[in-house]
Structures are given as C-alpha cells and as structure tokens.
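Novice: Structure in structure tokens, see below.
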Amino acid sequence: MSKMPRERVYYLYVALTLAAANGVVLSGNLIFLLLFWNVLVFSLYGILQVGKVYSSPAARKAITIIGVSDYVMMLGIVIFLVKTGNVNFPLETKVLFTDTWLVVSYIMILCGVLAKLGAVPLHTWIPESAKVVPASTLAFIPGSLDKLLGFYLLMRLSYYIFDITTYVPVQMILMIIGAVTIITMAIMALLQKDTQRLLAFSTVSQAGYMVLGVGTGIPIAIAGALFHMLNNVIYKSALFLSAGSVEYRTKTTDMDSLGGLGVKMPVTFFAFVIAALAISGVPPLNGFYSKWMIYQGIIETRGATNVWFIFLICAMFGSILTLAYNLKLIHSIFLGERPKDFNKVREARFEMVVPVLLLALGCIGFGIFAQALPLRYLILPSLGFELGALGFWSPTMATLLIIVGIVAGIIVYWFGTAMKPRRTSVFVGGEVLDGEEARITGPNFYSSINSVEMLRKTYDFGEGGAFDFYNYLRGAASGFAALSRDVIDRIITELYRVIGRIVTMVGNLTSLLHTGELYNYVGWIFLGGIIILLILVL
Amino acid sequence: MIIFLSCIILFLIGLYAIVTKRNLLKIVIGFALVEYAINLLFALIGFRSGMLAPIITQVDAPHRFVDPIPQALVLTAIVIALGTTALMLTVVLRIYNRYKTFDIAEIRKLKG
Amino acid sequence: MTFIPLFFVLPLAAAFIIPILGKIAKSLIWIFVTLVSFALFVLALYGAAVTQEVPMIVYQMGNWPPPLGIVMAFDSFSAFMTLVISMLVFAGSVFSLRYISHYTGQWKFYTLYMLITAGMMGIVITGDLFNMFVFLEIAAISSYALVAFGVDAEELEASFKYMVMGEVGGLTFLLAIALLYAKTSTLNLADISNSLQLVGHTPFFWLVLGMMLLAFSIKSAFVPFHSWLPDAHPAAPAPISSLLSGIFIKVLGMYTAARIIFNVFGLSRANAPALFNVLVGIGLLSIAFAGVTALSQKDYKRLLGYSSVSQVGYIMLGFGIGNYYGVAGAIFYILAHALAKGLLFLTSGSVVNATGTRDLTKLAGLGEKMSTTAWSFRFGSMSLIGLPPFVGFFAKWLICLGALKAGFGWLAVVAIALSVLTLSYLLKIENSVFMKKGKTQAAKAPFTMRIAMVFLVVLIIVLGIGFQSVIEFIVGPAANALLRGLEYANLVFGSAAVGF
Amino acid sequence: MIELYLFLVFMTVAAFIATEIKDLLAAVISLGAVGFSVAIIFILVQAPDLAIVQIVVEVVTIVIFVAVVFRTTHVDETIGKKLTSSHVLSIVGFAFFALLFFVATVRALQELPAFGNATMKVASEYIRLGLSRAGGANLVGDVILDFRALDTLGEATVLFTSVIGVIALMRSVGRKKLKA
Amino acid sequence: MSLIVKTVTTIMIGFIFIYGAYIILHGHLTPGGGFAGGVIIAGAFILKILAFGSEAIDEKKSEMGSSIFESVGALLFIGVAIAGLVLAGTFFLNFLPKGIPLHLWSAGIIPFCNIAIGIKVGAGLFSIFLALAAVKYVMTD
C-alpha cells in the first residue's frame, strides 16, 4: 500500500466506509439506512479512485451503476412509505404483497440491494474495477463489505419487512437471478486471463448463491445463505490477499506470465489451495457446508415449484465450474513451469502471510466445526429461528474420513514424483525448444470452451459488454447529454450567467449606496425609524 | 404635557443637528443637546408639585419629597454623557489631525 | 448563588488592575487577561449547568428584593449568552498576544478588552432596565475606542461614524426608558412587565416598543440601520472584529430586543402579528441586501462585515417566526454565527498579520503557506454556509423547520435560496486568498493564533456533531426562557427572597 | 411655574443658536447656556444634586470643548456650502421622521401622568426606608450608592472606559513599524 | 495668563480642593456626593493647568499618577462591593453599622463609596484633560 498515491486519502475513505457501513447496519429506519447507503456510494467512489493505474472510468462506472440503482431504491422506499406509512424496521406485522405497488416497491429496493451484492445484471462494476484497484481494496469492498451489506438489506427486506414466502413470483425472481448469476459469472470467470478479474467474477458468482438461498424461503437455505456470506468473506479475502501477495512479489496479475510459484511461496500456496477448495465446495471445508444447506433448501422447495431441480442443477453445476476455474488459478499461479524471471521470488512478507494463513485456517475450522461454532453461535442466533434438520451431513465425521483419504494420498504421492513438474525435452521438428516457450499456461485450460460456437459467442458478447447494462445506460445518457448540452444546457448556462451578472450589478449598485457620507447613513436610520413608527404606532 | 413636549422638541433639535450639520463639532453639540433633553425629561418626570428635594433634614418630619429615582438615574446619565462626549471630542480632534477638516462630507475614505 | 456577579466583577476588576499592572509587569498582562477569560468560560459552563436544574437564579444586589434593588436575573438564555461570549472572549484573548504586539499601548487594549467583556456580560445577566443601559454604554464606549485603536485616518473615521449611529441608538433607548419610567414608575424588568400588562396595547406601548426596536436595530445593524458596521468592524484589530461581529452586535441588539419583546412586553406572534412580520421583513431585507453588497467587496474584512449584516438577518428571521423552532433556531444561529464569524475574522487577522494587507486583489496563494489559517477559514465558511456536520447547518435547519411549522413554506425556501449569496461571497475570499496561485509573501501564523483558531474550529465541529445535546441542554432551555413570555416576571419574583 | 417655562424657552432658543451659529466658540458657549439653564431647571424641579453635578460637568465639558476649538478652528466652514442632493434627501427623511415622531409622542404622552403628578411606586418605598435602612439623609445618595449601587459602579466604569479610551486614542502612533 | 489670575489661582486651588472634599464627605447628608466632589477636585487641577500652562506640571508623572489613582479609586469602589460579598454574603451589601442618622458618621458604606468615586472621578477627569492637553505633541506628527 505504501507506494500507492494518495494513501492518506485512501484511509480516510476506508474509515468513512466503515462508519457508514455501521450506520447502515445500526439504523432502524429505512430513511436513515438510505442516508448511510448513499454515503457508501461516495466513499466507494473515493476508494476506487485510489487505484493502481488511472482508475477514474472504473470508479465512474461503479458510481453510476450503484448510484442509479440507489435512486431506484429511494423511489421504492418512497412508494413503500406512501403505501404503508411506516419505514421503521421492526414492523409489528410484516407487509404482505397485497398491492401491485408494494411488489414494485420491493423490486425497486431490490435493485439497490442487487447492485451492492453485484448480482446479474448489475454486477459489471466489480470486474471493471478489478482491473485497476489493488487486491486489498477488492478484498475489502466488493469482496466482503458490500456482500455483507447487500445481504443484510436483502434479509431485512425479504423476511423482516416483507415476507416473500407468501408470494411465490418474488421468490422466483430472486431464485432466477441467483441461478443465472451463478452460472453466467462462473463461466465468465472460467475464461479470464487475469487473476484479479477472475476472482472478481468469482465473487459475483458466489453472490448468486446467497440470492438463491434467500430466494428459496426455506429456513435452512436462508441460514445456508447467511453462512455462505460469512464463508465468502473468509475465503474470498484469503484468495484476494494471497493473489495480492503474489502480485506484490511478481508485479503482475496476468496468469499467462505466472506459474510454478508453489515452491517459492509455500505458505501462500497452501492458503490459496485451502481457500480455493473451500470456495469450490469441497468437503469438509466451510464452503461445502453452506452450499450443502442451500442445496437442501432448494430441494425442499419442491412442494412450491415445479422447476426446483433446475435451480439445483444450476447451483451444483456452478459449484463444479467454481472448482474448474479454481484449478485453473492454482495451476497457473502455483504449479506448472516457472518462468525464469520468477526464480528469485521469495515468500511474501510476514505481515502479509499471517492474515492469509489465518483466513485459511478459518476456512478449515468453520468447515469442520460448522455446526458447533459458526452455526450455533453466529448464524442461528442472528436469524432467530430454529432449523428443522441440519441435513444428512456430519462434517466432523466426514473430516475424519477425508483425512484418512488424504493421508493415504500423501503417502502415495510421496513415493511418486509429483512434487516437481516432470521435465522432458520438447522436440519440434528436431529442435529442442526452450521450456519457456512450450510452457502450458493455466489460461488455456478451458480454451476449448471457446471453440464451442454458442458459448464462444456468448463469451464474446460478454467481453464485448453486451450484458453490461452500464453501456446501454451510458449510450442513452450520452445521447441525452448531447441533446441537453446543445439545448437545455445552453439555456441554463445563459440563465446562470445572466442571473450572476444581475446579482453582481445589484451588488455594485448597493455598494455604491454606501457613499461614506455620514448624513446619508443617519438618514437611513431615520428611514427605518419611519417604517417602524408607521407600522407599529400609527 | 407641554413641558414634556418641550423636551421632545429639544431632543429633535439635537437630532436635527446630527443629521443636517456637516461640521463634526456641531454633531457633537447635537449629541450634547439630545443628552440634555433626556436628562431634563427624567427630572421633569419625577417632579411632584409642592414637594421638596429628597433630602431628609429632620428624622420625624413627614416625608413629602419628589421622586428620587429619576434624579439618581440622571446623575448616572450625566456621567455617561460626559464620558461619551469626551471620547467623541477626542475622536473629533484626531480626525481633524488626520484630515485637516471638520467637514463630514470630506471625511469619507471608507465607502463602497 | 454568589457566582452570578462574578460574571462582570471579574473582568471589571481585571480592567481596573491592568493599568497598574501595565506599569509594573507588562508581560504579565496577556497571561492575566487570558486567565480571566478562561475563568469566565468555566464560570459560564458552570452557569449553564446550574440552569439545567433551576429555571431562574435571581441575585439581589445589596440584598434588596426585586422592585427595590437591582437584581441579576440569570436564566437559560442568559447562561447561553454568557457561554457564547466567553468562548469568543477566550479565543480572542489567546489570539491577541501576537496580533496586538504590532500596536502601541497594549495595556490600554487589554483594559478596553476586559471592559467590553464586562459590559456584555452585564447586559445579559441584569434584570434591570436602566442597569442594562449602563452596561450597554460600557460595552459601546469601549467598542468605540477599540474600533479606533489603530488611530489611522480610516479607523478614526469609522469610529466616529459608528459612534454617531451607536449613540443615536443608545440615546433613543434612554429616552424610551424615561418614558417607560414615567408610566410604570419602576425599572425592574419583571416589575415593568407586570405594570405593562395593566397598560395594554396603547399608542404609548407601541411608541416605547418602537423606540427600543429602533435602538436595538441600530445596535444589531439590520438593513437599513447597518451602515456603520462595514466601516467599524473591519477597522478594529482582528480579535476585536471577531468579538464585535461574533457576539457584540447580538448582545447589544438581539439579546436585548428578544428579552424585551418576549419577556417584558410579553408579545408573541399570536398577539402582535404586525411586529413579528416587521421582524421577518427586516430579516429578509438584511439577508438579501447585505449579501448582495458583500459580493462586490474587495476588502477581506469589509466583506466579512457585510456578511455579518446579512447573517444577523437570519437570526431576526428566526425570532420573527416566533414559534419554538424559529426562536430556538435563532438562538442556535447566534451560537453558530458567533463561532463561524469569530473564526473568519480571526483568520483575517492571521492573514493581515502575515502579509500586512487585506486587499483581496493583492492576496493570493496563501492556502499552502498558511494551512491552518486556510483550513480554519474553510471550516468556518462551511459552517456559515450551512453544510451538514457543522453548527451552521443545524441552526439554519431549525429556522427553516420553524418557518415550515408556522406555515411560511416560502420563507424557508427563500432563506435557503439566499444562502447561495453566502456561498458566493465566501468563495470569493477562498478563491482569491487561498486557492489562487500567487506569490504573496507570508509566514506561518504564530502558535497562539493557531491555537485560538483551532479552538473555534473544534467547537464548530464538536457542537455540530453533538447538536442534539446542544439543543437539548443549551439552546432549547434558552428558547423556552424566551417563549415563557410573561411568566418571566413571576419567576423573578418567585425566585427572589420575599420581604427583607 | 412661569420661570420653568421661561427657562425652557430660553433653552430651546439657545439650543437652536448652538446648532446654527457659524462661530464654533459661540456655539460652544450657547451649548453652555443650554446646560446652565438645564441646571437651573433642575433646581426648580427640586433636584439640587443634579444641579450641582450638572454645573460642574457643564464646566468641564465646556472646558474640553473649548480646548478642542482652540486647537483646531473657530469657524464652521460648512455653513452655507451647497448641500448635495443625497443630503437634502436625508434631511427630508429626517423631517418626515420628526413629524411622525412628534405626532406619536403627542398621542403617547397623553397616557402619562400629568406634569407634577409622579406615580412613585418604588420611590415611595425608598423614601420610607432610606434613612432607616440605608442610613443616608440624602435620598438620592442612598439610591445611587445603596439601592442602585450597581448603576454607580457601571457609571464609574463608563467614565473609566472613556478615560482609557481617550488616553488610547491620544497616542500619536497606533502601530509599531513592521520589522522588514 | 496674567499675574492676577496666577495669584488668585494659587490661593483658590486650596479652597476648591477643600470644597470638593467637603462635598464628597457630606455626600450622604447634603446635595452632591462623590461624583460632584470629584469633578470639583479635578477642576482644581485643571484650573492650575489653565492658569500656568501645561509646562507647570510634570506631565508624564501626572499622567501616571492620575491613571494609578483612577485605578485605585475604581478598585476601592469595587473593593467595598466585594467586602459586602465576603463579609456579609451579598455583593454591594451595606454591611457597616448605620450610625446616627443625619450625622457625618452614618449611612454605612455610602461615605466610603463616595470617597472612592471622588478619587476615581477626580483622577479620571484630570487624565482626560491631560490627554487633551498633550494634544500639541500629537498634532505635530
């Protein structure tokens, strides 16, 4: 951080963000919440401004998307206020969707929430900013804090103010958004070539699980979503920070040029692997447990909807995709051939390693003791309801089994030669090629997806910004701007200039009245006296 | 009432001097006149026909005095007037020293 | 409650001692004055604490009960005013150490400084009409002398004009006292209030009120009574400008007017709508006229002087609205404007001290060289404009709330729209003095000056953030003390010892 | 009380002369005439304390006035100079104000007790208690130094203030030369 | 000024002074008081300056003396008030015994107040006059 420009301003904004986030969580009233919510927009803008490279466009994009959705949200709150006459949180009775306007208001407020969470289609600011801001910022803002706040408001909105379990269409909307977010963003992540960008898409993809979980309306899934959010904070921070450590040592985030750092940075490697496995939902780590709860919730919705299995498939498939892109990450950063430039790379600095390691240990701990610790002490008390059954999974038992398996695997591995990349000389046309050139880099893992016609097109569209509403918005806005610049703006400018000139002229005139002649001044006093006497006495 | 009005007239004469006169000294004189007018009004207000000055000469005699309060107030007011007049004259003197004139119309470096 | 007379006895005694001290140990004077100001500050805090529990403390001078002797009637409004006065007096005395070292005759300055303090303190705690006049004259005469303290041509001229107009006001007040005495035959405010109830709203009643209003309008410089202020306030040394603009005009004009209208004459919007409409009109006129005039100024301090005229308009607006929120807003505005304008004048002093000029066209690029001054200026002007976390915002907000509650929606809109004027003239200073690139020679402000400015900045921020407590403990009770109206008399007589 | 009216008229005329006469010394002396007639009126309305103070203060005031006139100029050069239009305007404004004020006062004064019938609400208490509780035979002295002693402190302070002010303003140089 | 004026002044000053003192001391019994007496005493000094010119006195010393006297007078007055506070509990309390009515020794603190005011006013007015008399230095800058 120390080399970042405007470091002091950065911390100012961080403090402001934290303050506003506390304000959001502590306010007991939608209006106050909105106030702090808007402060967050500005502090986010400020934080994103402090980038690695020129980051203003990304920041502008973020503030536009979030800002616009905030205005939508504000409108929603106004509608809510008008319809119910109450904006305080602990409503005595929950609001039912009895009125179309209430549904509209719910969806409008949802817009703000989704933009914060980064769910499709309001997610585009996150990968955009991933290009330009440091890893720690990413880990802090879109990675954890915004998820937290978005999820908080989503929960408040869906179960404390409204009750979405009483109205299936809203539930469906949430679930569809969740499922679509999971799948599309995981695919996008799969095809990235930049670690930070990949992780950013991954973040968005994970948000889909939360939305999906909340959308089911089943207690266990909601608890799962909450747990997933907590887990997401842990492992996504670990991933971002270890990616940051790598960047700190190698000065690059491009996966093509990375590789083979596992030996050089063993602790980071370890933490990264743990976190990656956790996010992919490999038992017994925490990600698995929360996803498991969400799956269970989806299964339980089978009474309400006929298409529950689609969501289940989406969720599971998303999980597989997650594993896939994480393998790609692990391979491209830590395994494989090491470029020569990185032979002198050392383990990251102590103070960078420790938090990452702690977070990784957190992944393990929250996974193994999921029922005993986080669920019991954090999740369930905060939700305030009992879970019927905690599923068929006993993490502790499973862990023991898995450890046995792992030990067996290690023993096998130990005797093998897997520790080092196997080196064979590459012959092409009789010439021995340099290893460097023939190196297989991670990003090409899934390049075959690109060759599937439909998927490739989709991806191209995605990269080209076809799913990015911001672009459409900006197009419309710039059209309107052109109009307003030529017509409205000119009128206003002229008006402003004329008014300014008139005021200045009046000012000069009144200033001329102060002639410096005493008798004039005293005369004014008597003028005032005349007025007072006329009004009061006569 | 006519007696009271004469004080008001004196008051207005003082104000008239303050507004219309361009000579600094005349303005100060105007203030002195205004102060006299008010002091006089005070003294006249406290008067009771046929009563004596409020100074006790015999302990047991019936107390038939004019109102002592306005007199006390006028004493204070006179001193205050003296203080203001002295300060004002000092400023007038210094202004003459700086501007070499008593004409208020020429003493107008401050304007706008 | 023996601490009440200390409010003016302390500065008076200090003023009497300083001439002797000035001949023995010159270097001690500043420390002495600062200590006394700080003691006043502590005393005012104590007074504010005491008035939380007792609505009114009556101190009988010489143990004579109210209508006979002079009483000090110390209620929440007085406590509030003493607090604001002592804040500015303390800041000014700290500030003046290095500033006044450019002048000759420093002990005279400090003597007058203590006298003006004593006068203001006396005005706000006295419960006697004539005594109020006497203290008013003490404060006024010392301010005349202080305005001309530099004895340059402009300063003497400003002082003379100020003196002429101020004395017209003072003597009108005295004439009103005389007439009032003739009718009620008493001088105690509470007693007068009782007697006036028997008089009713007759021509006499309105004449006396009109004369007092004329006097106080001159003292607090509303348009069109304002013309002395832009001359006099800039002419004074900066700590004095800060004191004069910050609190002096409010004590001599606002406090007295509010006290007499609400508590003595017992008027409210309900029984005298015409009067309150006049107040609103005067307020609006002041805001607009002086605000516009300030835009065309080229002198740092003169611009601030016009700004003061404009800002007192808001206070009058609040009083004129006349409901709880309006009055509380006006009182809060007294505090906000005192802190902000005091601070702004101190920054002007700092700039003058460093550069020797206050011509806006000659000053440039001081933002980097004098960062404390520049930031103090920014905080002060943000508060004055009315940006949210600072005191100024909450004051304006209360006034607008009052206007809305009283059914004058347009008034709130106009009041807010007119803050654009404040913004533009303060930006003018900001642009030309602190932002513009330039090569004006300047050194950093001396330590004591920075301390004084930072003290006020901290107050602006802290009181702004803690506005709820300020309203609850200081401003609200003060507003209630005014809106109590004629209950004032009962309280004074009730709190005094009956019989003797 | 014919002499009272006489002095009132004399006073008014003297006041008018003081404002209008061209010779400043004469104006100051006319002012003195007003002051002394005020002092005599004080005696007529049974206020000997005031008369004494008025006379001595008048002497001092006139001495100060004369000192100023001697050190500056004897002639009021501004008399007879052409008035600017703004000055005329303010005079007209003042005339209107004076008229209004006069009318208002005439209406208001009718509510006051007539001359010679002071109400004396608090004052009668002073007269009753003065000798026994305050101790002074001079009731005015009792009032200013016991019942309303704070006023006297204030008055002394006003004088002190103006003395300090005069001394402060008579400094020949206000500012020290700035060190270059 | 002529010799006659000077001689008469020299004789009169003492009488004026005594008269002023009388007025001050009998302020609680007869018309007059601290203020009037103080002005008369100041008048004695002023008369001397008028008759002999301002060279007759050491201005620096007189100015210093008069301003110290003024402060002392004011402090005496406020001291009497504070004495009431300290000794009897109320500011400006007339705490001394009242003595026999209509005699010199009566009226508690009032004579002391008169004396304090007399000192203060006499010194104060004298310093005003001195300052104005010093105007010739000022005018020559």
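Protein chains in written order, with the working numbering: chain A, -7 to 530; chain B, 7 to 118; chain C, 38 to 537; chain D, 605 to 784; chain E, 51 to 191.
Where is the CB? At the ideal position from N, CA and C, for every residue including glycine.
#1: Looking at C-alpha atoms only, which residue of D:S736, D:T709, D:D680 is the closest neighbour of E:P147?
#2: In chain A, what lies closer than 9 Å to C:M353 by C-beta?
#3: Identify which residue in A:I266, A:V6, A:G328 has its Cα closest to the Cα of A:P134.
#4: Could you tell me which residues DSSP puts in a beta bridge with D:Y609?
#5: Whole angstroms are fine: how far does the CA of C:T398 sit from the CA of C:K473?
#6: Give me the chain C residues within the contact set of A:W516, using Cβ-Cβ distance strictly less than 9 Å, ordered along the chain.
#7: B:N29 by DSSP, collapsed to three states: which one?
#8: For A:A54, which option in A:L146, A:L109, A:W93, A:K86 has the closest C-alpha, if you only look at C-alpha atoms?
#9: Considering only residues of the same chain and omitting the five flanking positions on each side of A:L528, which have a CB-CB separation below 6 Å?
#10: With a cut-off of 9 Å, does the C-beta of C:T163 fall near any C-beta of chain D?
#11: On a CA-only basis, which of C:G99, C:N100, C:S532, C:V131 is nearest C:V70? Give me that one, please.
#12: Which residues in chain B sit within 7 Å of C:A190, going by Cβ to Cβ distance?
#13: Any residues in the segment 682 to 703 of chain D with a beta carbon nearer than 7 Å to a beta carbon of chain A? Which ones, in chain order?
#14: Among the residues of its own chain, which have a CB less than 7 Å from the CB of E:Y69, if the five just before and after it don't count?
#15: Within its chain, find whatever has a CB closer than 7 Å to the CB of E:C163; leave out the 5 residues flanking it on each side and keep chain order.
#16: Would you mind giving the Cβ-Cβ distance between C:L380 and C:M490, rounded to the nearest angstrom? I have them listed as a contact below 8 Å.
#17: Tell me which same chain residues have a C-beta within less than 7 Å of the C-beta of A:S48, skipping the five on either side of it?
#18: Which of the three DSSP states is assigned to C:T325 in this structure?
#19: Considering Cα atoms alone, identify which of C:L58, C:S257, C:A411, C:I284 is closest to C:M202.
#20: Just checking, does the segment 283 to 291 of chain C make contact with the segment 340 to 350 of chain C on the three C-beta pairs under 8 Å criterion?
#21: Verify whether the separation of the beta carbon atoms of B:F53 and D:G720 is less than 9 Å.
#22: Is there at least one Cβ from chain B nearer than 9 Å to E:F176's Cβ?
#23: Nearest chain C C-beta to D:R675 closer than 9 Å, yes or no?
#24: For C:F313, which residues in the same chain have their Cβ closer than 7 Å to its Cβ, ignoring the five residues on either side in sequence?
#25: So, with DSSP's three-state summary, where would you put A:I494?
#26: Can you round the beta-carbon distance between C:I466 and C:G355 to whole angstroms, since I take them to be within the 8 Å contact cut?
#27: Could you tell me whether the segment 193 to 202 of chain A touches the segment 166 to 185 of chain A, using the rule of 3 or more Cβ pairs below 8 Å?
#28: Anything in chain E within Cβ reach of B:A92, meaning under 7 Å, just list it in chain order.
#29: Taking C-beta pairs closer than 9 Å, name the residues in chain C that E:M114 reaches, listed in chain order.
#30: Is DSSP giving C:V95 helix, strand or coil here?
#31: What number of angstroms, rounded off, separates the C-alpha of B:N103 from the C-alpha of D:T682?
#32: For the beta strand (DSSP E) that A:V529 lies in, which residues bound it at each end?
#33: In this structure, does DSSP put A:M167 in helix, strand or coil?
#34: Tell me which same chain residues have a C-beta within less than 7 Å of the C-beta of E:A101, skipping the five on either side of it?
#35: Could you give the distance in angstroms between the alpha-carbon of C:T88 and the alpha-carbon of E:F95?
#36: Cβ of C:A51 less than 9 Å from any chain D Cβ?
Specialist: Taking the coordinates as given:
#1: Locating residue 147 of chain E in the fifth sequence gives position 97, where the first residue counts as 1. That would be D:S736, whose Cα lies nearest to the Cα of E:P147.
#2: Taking the third sequence and counting its residues from 1, the one referred to as residue 353 of chain C is at position 316. Neighbours of C:M353 on chain A: none; closest Cβ ~13 Å, over 9 Å.
#3: Position 142 of the first sequence, counted from the start, is the residue given in the question as residue 134 of chain A. Closest by alpha carbon: A:V6.
#4: If you number the fourth sequence from 1, residue 609 of chain D lands on position 5. In the DSSP output, where bridge partners are listed per residue, D:Y609 has none listed.
#5: Residue mapping note: residue 473 of chain C aligns to position 436 of the third sequence, counting from 1. Residue mapping note: residue 398 of chain C aligns to position 361 of the third sequence, counting from 1. C-alpha separation (whole angstroms): 11 Å.
#6: Against the first sequence, residue 516 of chain A aligns to sequence position 524. Residues of chain C passing the Cβ test: V260, P261, F262, H263, S264.
#7: For the purposes of this step, residue 29 of chain B is identified with residue 23 of the second sequence, where counting begins at 1. Here B:N29 sits in strand by DSSP.
#8: Here residue 54 of chain A corresponds to residue number 62 of the first sequence, with the count starting at 1. Comparing Cα positions, the closest option is A:L109.
#9: Here residue 528 of chain A corresponds to residue number 536 of the first sequence, with the count starting at 1. Nothing listed; no residue qualifies.
#10: In the third sequence, counting from the first residue as 1, residue 163 of chain C sits at position 126. Chain D contact via Cβ: present.
#11: Residue mapping note: residue 70 of chain C aligns to position 33 of the third sequence, counting from 1. Taking only the C-alpha atoms, the option nearest C:V70 is C:V131.
#12: Taking the first residue of the third sequence as 1, we reach residue 190 of chain C at position 153. Under the 7 Å cutoff, chain B gives R104, Y105, K115.
#13: Under the 7 Å Cβ criterion, the segment 682 to 703 of chain D contributes S690, H691, L693, S694, G697, F698, F700, F701.
#14: Taking the first residue of the fifth sequence as 1, we reach residue 69 of chain E at position 19. If we look at E:Y69 and ignore the five residues flanking it on each side, its Cβ neighbours are I90.
#15: For the purposes of this step, residue 163 of chain E is identified with residue 113 of the fifth sequence, where counting begins at 1. Within the same chain, E:C163 has close Cβ partners G84, F127, V130.
#16: As a working note, residue 380 of chain C is residue 343 in the third sequence. As a working note, residue 490 of chain C is residue 453 in the third sequence. About 6 Å separates the two Cβ atoms, so the contact holds.
#17: Mapped onto the first sequence, residue 48 of chain A falls at position 56. Same-chain partners within the cutoff: Q41.
#18: Taking the third sequence and counting its residues from 1, one reaches residue 325 of chain C at position 288. What sits at residue 325 of chain C in the sequence shown is Ala, not Thr. Here C:A325 sits in helix by DSSP.
#19: Start at 1 with the first residue of the third sequence, and residue 202 of chain C comes out as number 165. Looking from the CA of C:M202, the closest CA among C:L58, C:S257, C:A411, C:I284 belongs to C:S257.
#20: yes
#21: Within the second sequence, residue 53 of chain B is the residue found at index 47, counting from 1. Within the fourth sequence, residue 720 of chain D is the residue found at index 116, counting from 1. Yes, the Cβ-Cβ distance between B:F53 and D:G720 is below 9 Å.
#22: Taking the fifth sequence and counting its residues from 1, the one referred to as residue 176 of chain E is at position 126. By this cut-off, E:F176 is not an interface position.
#23: Sequence index remark: in the fourth sequence, residue 675 of chain D carries index 71 (1-based). It does not; no Cβ of chain C falls within 9 Å.
#24: Translated into positions along the third sequence, residue 313 of chain C becomes position 276. So the qualifying residues of the chain are R306, G357, G359.
#25: Mapped onto the first sequence, residue 494 of chain A falls at position 502. Here DSSP, grouped into helix, strand and coil, assigns A:I494 to helix.
#26: Locating residue 466 of chain C in the third sequence gives position 429, where the first residue counts as 1. Locating residue 355 of chain C in the third sequence gives position 318, where the first residue counts as 1. At roughly 26 Å, the Cβ-Cβ gap does not stay under 8 Å, so C:I466 and C:G355 are not in contact.
#27: yes
#28: By one-based count along the second sequence, residue 92 of chain B stands at place 86. Chain E residues near B:A92: I178.
#29: Walking along the fifth sequence from the start, residue 114 of chain E turns up at place 64. Neighbours of E:M114 on chain C, chain order: K60.
#30: In the third sequence, the residue the question calls residue 95 of chain C occupies position 58. Three-state result, C:V95: strand.
#31: Translated into the one-based positions of the second sequence, residue 103 of chain B becomes position 97. Translated into the one-based positions of the fourth sequence, residue 682 of chain D becomes position 78. The straight-line gap from Cα to Cα measures roughly 18 Å.
#32: Residue 529 of chain A sits at position 537 when you count from the first residue of the first sequence. Counting along the chain, A:V529 falls outside any beta strand (DSSP E), and DSSP gives it neither H nor E.
#33: If you number the first sequence from 1, residue 167 of chain A lands on position 175. Residue state, collapsed to three classes: helix.
#34: Here residue 101 of chain E is taken as the residue at index 51 of the fifth sequence, counted from 1. Excluding sequence positions up to five before and after E:A101, its CB lies within less than 7 Å of the CB of M51, V55, K56, T59, all in the same chain and listed in chain order.
#35: The sequence position of residue 88 of chain C within the third sequence is 51, counting from 1. The sequence position of residue 95 of chain E within the fifth sequence is 45, counting from 1. Distance between the alpha carbons of C:T88 and E:F95: 50 Å.
#36: If you number the third sequence from 1, residue 51 of chain C lands on position 14. For C:A51, the answer is no, since every Cβ of chain D falls outside 9 Å of its Cβ.
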